[in-house]
Structure formats: C-alpha cells, structure tokens
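The structure appears below as structure tokens.
Here it is, written out as structure tokens:
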C-alpha cells in the first residue's frame with residue numbers, strides 16, 4: 010500500500026470515527042407542550058345601568074370596553090387521559106401594560122380534577138399583585154396561557170380545559186341590586202407547541 014493510499018485510508022477512518030461518535034451523542038430532547046389560550050375578565054366595571062322602568066330617562070351610552078357590572082372567569086382543567094400518566098400544568102398571565110406574570114402551577118393525576126386544578130379571578134389578581142396590580146376588585150382583562158405536558162415524557166398533555174364566564178349587571182339605586190346576569194361555558198382548544206431552545 011502506498012503512502013498516499015495509507016493517508017486516504019487513515020482520513021476515511023478518522024471521518025468514520027467522528028461520524029460514529031457524533032451519532033452516539035444523545036440529541037437534546039425538546040419538550041412539547043399543549044398550550045391553551047384563555048381570555049379572562051375579572052372584577053367590577055363601574056357605571057350605572059338604569060332601572061327597567063326608567064327607559065325614557067336613558068341617555069346615549071358611550072362606547073365602552075365592557076358594560077357596567079361584575080365579571081368573573083374560572084378556568085377548569087380535567088386530566089381525562091387513559092394512559093395512566095400525570096400531567097404537569099403551568100400558566101402565565103398576560104395583561105396589557107404589565108409584564109408577563111407566572112400563574113398557578115400544579116400536577117394533575119390521570120383521570121382527575123380537583124379544586125387546585127382551576128384558575129379563577131382570585132388567583133389571577135393575586136399573581137398580578139406581585140407586579141403592582143391593585144387586587145381590590147377593580148376590572149381587569151387579559152389572557153391566561155395554560156401549558157400542559159406529561160409528567161414523565163417530553164410530550165404535551167391533551168387535557169379538557171373549559172372557561173366559565175359569569176356577569177352580573179348593576180343598578181343605580183341601592184348600590185347594585187342587579188338587573189340581570191349571565192353564565193357562559195366555553196371549551197378551549199389546545200395547540201401543540203415546542204419549547205424554544
């Protein structure tokens with residue numbers, strides 16, 4: 010074998026060794042999450058709603074973000090998976106004019122829902138208070154990002170997430186005896202996303 014052939018064989022061997030060693034290094038596992046984006050409205054929006062008997066005295070109402078009254082949102086979460094694996098749930102709260110705040114987080118056993126597997130207005134206001142929000146019942150709206158993944162695997166957890174929205178109107182006399190109320194339940198669809206590196 011000539012020296013040139015030996016050098017080529019040596020180079021080929023080194024390249025093969027490098028490729029083999031690179032393939033032996035485990036790839037960095039990316040974590041997948043199921044992300045649920047939930048709109049929330051919480052607190053009291055001030056203003057008066059006229060009594061139903063005094064419509065003749067009603068002045069034109071200017072455009073408002075929401076009508077006067079009390080608003081609440083509760084996000085209910087159910088782990089109804091049949092794979093007998095727990096899910097880790099974390100959340101972030103986004104409100105215009107505030108930095109993103111970490112919300113409640115918990116682990117859910119398979120086929121379960123418990124009192125801690127919910128995010129309500131009290132939890133949202135509490136989290137926002139850590140960044141200067143006055144948690145005194147004033148109106149606030151924004152989004153809660155609920156992120157769920159399998160407790161053991163780097164894969165998203167497909168959970169049942171529902172938002173329950175309630176509203177109670179306020180009347181001008183007696184500081185809000187209430188003229189009406191509403192309740193709406195909305196199922197939130199999740200989307201699988203990969204955690205950025």
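In my numbering, the protein residues as written are 10 to 206. Glycine included, each C-beta is placed from N, C-alpha and C at the ideal position.
So is residue 50 in contact with chain B if we call contact Cβ pairs under 9 Å?
-> The structure shown contains no chain B; it is built from a single protein chain.
Given that a residue counts as buried once 16 or more other Cβ atoms are within 10 Å of its Cβ, and exposed if not, what is residue 106?
-> exposed
Uninterrupted alpha helix (DSSP H) stretches inside the region 120-186 (no shorter than 4 residues) = 130-138
Does the count of Cβ pairs from the region 194-205 and the region 41-50 closer than 8 Å reach three?
-> yes
What's the gap between the Cα of residue 162 and the Cα of residue 144?
-> 37 Å
Can we count residue 168 as close to the ligand SAM, meaning its CB is less than 8 Å from some heavy atom?
-> Here there are no bound small molecules, and the ligand SAM is not part of this structure.
DSSP state of residue 98, grouped into three classes?
-> strand
With DSSP collapsed to three states, give me the class of residue 271.
-> Residue numbering for the chain in the displayed model covers 10 to 206; residue 271 lies beyond these limits and cannot be assessed.
On the three-pair Cβ rule with 8 Å, is the region 95-115 touching the region 147-164?
-> yes
Alpha carbon to alpha carbon, how far is residue 127 from residue 177? Give it in angstroms, no decimals.
-> 21 Å
Which word fits residue 170, buried or exposed, when buried means at least 16 other C-beta atoms lie within 10 angstroms of its C-beta?
-> buried
If we call anything under 9 Å between Cβ atoms a contact, is residue 120 one with residue 147?
-> no
Cβ-Cβ separation, residue 54 to residue 80 (assumed contact under 8 Å), whole Å | 7 Å
If we ignore side chains and look at the alpha-carbon of each, how far apart do residue 149 and residue 189 end up?
-> 21 Å
When you compare only the Cα positions, how much space is there between residue 185 and residue 191?
-> Confidence is the limiting factor: at residue 185 the pLDDT is only 49, short of 50, which leaves the residue's position unreliable, though a coordinate-based value still follows. In a straight line, the C-alpha of residue 185 is about 16 Å away from that of residue 191.
What are the boundary residues of the beta strand (DSSP E) that includes residue 109?
-> First-last for residue 109: undefined, no H or E at that position.
Closer than 7 Å by C-beta to residue 48: which residues in its own chain qualify, once you throw out the five before and the five after it? Chain order, please.
-> 152
What residue does the beta strand (DSSP E) around residue 196 start on, and which one ends it?
-> 190-197
Go ahead and pull the three-state DSSP assignment for residue 78.
-> strand
Taking the alpha-carbon positions, what's the residue 195 to residue 133 distance?
-> 18 Å
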